[in-house]
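Protein chains in written order, with the numbering used here: chain A, 33 to 122; chain B, 750 to 1126.
Every residue gets a Cβ at the ideal spot worked out from N, C-alpha and C, and that includes glycine.
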Amino acid sequence: MNLIDASVPRLGHGFRLQWEEVQGCHVLLYPEGMVKLNQSAGEILLRCDGQRGLADIVAQLETAFGASGLRPEVEKFLEIATHKRWVTLA
Amino acid sequence: MNLLAPLAPAVGPPLWLLAELTYRCPLHCIFCYNPTDFARHESELGTDEWLRVLREGRALGAVQCGFSGGEPLVRDDLEVLVAEAHRLGYYTNLLTSGVGLTPERAAALKAAGLDHIQLSFQDSTREVNDFLSHTKTFALKQRVGEMLKAQGWPMVMNVVIHRLNIEHIGRIIEMAHELGAEYIELANTQYYSWAEVNRAHLLPTTEQLKRAEAITDEWRARLEGQMKIFFVAPDYHEGKPKKCMNGWGNVFLTIAPDGAALPCHTARMLPGLTFPSVREKSLKEIWYDSDGFNRFRGTGWMKEPCVSCAHKEEDLGGCRCQAYLLAQDAAAADPVCVRSPHHAVVKYVVALADAGVVPAKPIVFRDRANSLRLSAG
């Protein structure tokens, strides 16, 4: 998989991301199933809206969390998420 | 910090709410999982009652909502219920045979926010042996398939597999592919309710199952990337119990058409257990405090050989309904397990199937008259 600055990830068809108060986390819902997301996965997926490119997403996360060097972690997650079809790339 | 706040309950929330809207159904499937006495539970919840159930379930934390039956399309308030479920934030699933679906209804369900449809593929006639050659069935599924595609839903199919169709499993897979299915679940029959009544007709031989699995594997390789195929393990033949419902009262909450709240479709047949109705109690009280839901939670209720078994957390002793049906004791180890002292019962019925013993009793179709007859007295 080739992730470049301009790769624009969005949620896969049939997937829905939402915050669940009772579980205290973001979850990804799909036909007859659910994945509980940890905080970083939730924060990344929240930004996979089909508008923002990878470089923007990384920059926004780094600003939001006052961190740097997040790109490898984001790329690694997106590779897994794409493989699981949670995310598709445009 | 409020020290007087009540402690959080140790039991997790129900994540899956299954609304069995009705037992009415235009089909007469001989493997139906609806209770055999369904004709004694015909007082269906009304629209307002279902709306309250949906709200209470969501407040408890349920995220997946399934609408099933019977045939849920016979309820003309289905669109209203789907719309409310969607508004509340559920992921909404409809489990249907497709009988009664029209392009107009499909569009209305889409507009109401329906996320997903699982289409069950079963014969719409009483002629079981015509299952595959019956062009009416195929034409119906084709029409329904086109309606689903038109609304942008993926085509997800479920086919119950049994001795009367298992020899045609390759053709079934091919047909699903021709219909444009993206996913097919080949569900080996589970022997409860009507399937238990008809077990001697439905149980395939060990040899048939092996062949069916090999053919499924071939098709899986051939259709890689086009259609996913899931083969549900047949527990009678494998000697391995399933972690039924992912644990009793763990994630699944089923509401029967008359409002009885159950840990699974069939639990109401277990003697000595009471399951409150949503007409009398809130879902919260039912889920956390009722005897019915607490009885088989966790592992505390187990007997030997489960108590000292290394697999007890993995399969939670298997299915309570199956334990009752096969060992007349809902707290026994599931007799499909090779470690169960009652396993011989399962081996015996599989041996009868393997030997080709012709069932003495005729097939019993799922209909109202048979339901009343089976539950008489």
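| Query | Result |
| --- | --- |
| List the DSSP bridge partners of residue 58 of chain A. | A/51 |
| Along chain A, in chain order, which residues have C-beta atoms closer than 9 Å to that of residue 837 of chain B? | Ordered by position in chain A, no residue passes the 9 Å Cβ test against residue 837 of chain B, which lies about 11 Å from the chain. |
| In whole angstroms, what separates the C-alpha of residue 948 of chain B from that of residue 39 of chain A? | 54 Å |
| Note down, in chain order, every chain A residue with its Cβ under 7 Å from the Cβ of residue 762 of chain B. | 54 |
| Residues of the region 37 to 51 of chain A with a CB closer than 7 Å to any CB of chain B: list them in chain order, please. | 46, 48 and 50 |
| Of all the options B/868, B/914, B/815 and B/1010, which has the alpha carbon lying nearest to the alpha carbon of residue 779 of chain B? | B/914 |
| Cβ of residue 698 of chain B within 8 Å of Cβ of residue 849 of chain B? | Nothing in the structure corresponds to residue 698 of chain B, since chain B is present only between 750 and 1126. |
| Within the continuous alpha helix (DSSP H) that includes residue 813 of chain B, where are the two ends? | That residue, residue 813 of chain B, is in no alpha helix (DSSP H); its beta strand (DSSP E) goes 813 to 817. |
| According to DSSP, is residue 792 of chain B part of a helix, a strand, or is it coil? | coil |
| Would residue 813 of chain B count as contacting chain A if we go by Cβ distances under 8 Å? | yes |
| Apply the 10 Å Cβ neighbour rule to residue 1007 of chain B and answer buried if 16 or more other Cβ atoms are within range, or exposed otherwise. | buried |
| Assign residue 859 of chain B to one of two classes, buried (16 or more other C-beta atoms within 10 Å of its C-beta) or exposed (fewer than that). | buried |
| Run through DSSP, which three-state label would residue 980 of chain B get? | strand |
| Whole alpha helix (DSSP H) runs in the region 55 to 103 of chain A with 4 or more residues, listed along the chain? | 71 to 78 and 86 to 97 |
| Does residue 1127 of chain B pass the burial test, meaning 16 or more other C-beta atoms within 10 Å, or should it be called exposed? | There is simply no residue 1127 of chain B to check, as chain B begins at 750 and stops at 1126 in what is shown. |
| Since residue 63 of chain A meets chain B, which of its residues come closer than 8 Å, beta carbon to beta carbon? | 840, 842, 864, 865, 867, 903 and 905 |
| How big is the Cα-Cα spacing for residue 1056 of chain B and residue 1048 of chain B? | 8 Å |
| For the region 788 to 822 of chain B, enumerate the residues whose C-beta is nearer than 8 Å to any C-beta of chain A, in chain order. | 809, 810, 812, 813 and 815 |
| Using the Cβ count rule (16 or more neighbours within 10 Å means buried), how would you classify residue 1110 of chain B? | exposed |
| Residues in the same chain with beta-carbon distance under 6 Å from residue 799 of chain B, minus the five sequence neighbours each way, listed in chain order, please. | 830 |
| Please return the same chain residues whose Cβ sits closer than 6 Å to the Cβ of residue 1081 of chain B, not counting the five positions on each side in sequence. | 1072 |
| Can you give the beta carbon distance from residue 1042 of chain B to residue 998 of chain B, rounded, assuming they're within the 8 Å contact cut? | 4 Å |
| Does the distance from the C-beta atom of residue 818 of chain B to that of residue 769 of chain B stay below 8 Å? | yes |
| Using the three-state DSSP reduction, which class does residue 900 of chain B fall into: helix, strand or coil? | coil |
| Should residue 1012 of chain B and residue 1066 of chain B be called a contact, given that it needs their Cβ atoms to be closer than 8 Å? | no |
| Answer yes or no: does any C-beta atom of chain B fall closer than 8 Å to that of residue 67 of chain A? | no |
| Report buried or exposed for residue 112 of chain A, applying the criterion of at least 16 other Cβ atoms within 10 angstroms of its Cβ. | exposed |
| When the Cα atoms are used, what is the spatial distance from residue 93 of chain A to residue 85 of chain A? | 12 Å |
| Where residue 1070 of chain B and residue 805 of chain B are concerned, what is the direct C-alpha to C-alpha distance, given to the nearest angstrom? | 27 Å |
| Tell me residue 1010 of chain B's beta-bridge partners as DSSP assigns them. | B/1004 |
| Since residue 1091 of chain B and residue 1075 of chain B are thought to touch, with beta carbons under 8 Å apart, how far apart are those beta carbons, to the nearest angstrom? | 6 Å |
| Going by DSSP in three states, residue 43 of chain A sits in which element: helix, strand or coil? | strand |
| Please confirm whether residue 106 of chain A has its beta-carbon closer than 8 Å to some beta-carbon of chain B. | no |
| Check the C-beta distance from residue 74 of chain A over to residue 62 of chain A and give it rounded, since I have them as a contact under 8 Å. | Residue 74 of chain A to residue 62 of chain A, Cβ: 15 Å. No contact. |
| Assuming residue 951 of chain B and residue 911 of chain B make a contact with CB atoms under 8 Å, what is their CB distance in whole Å? | 4 Å |
| Shorter than 8 Å from the beta carbon of residue 119 of chain A to some beta carbon of chain B? | no |
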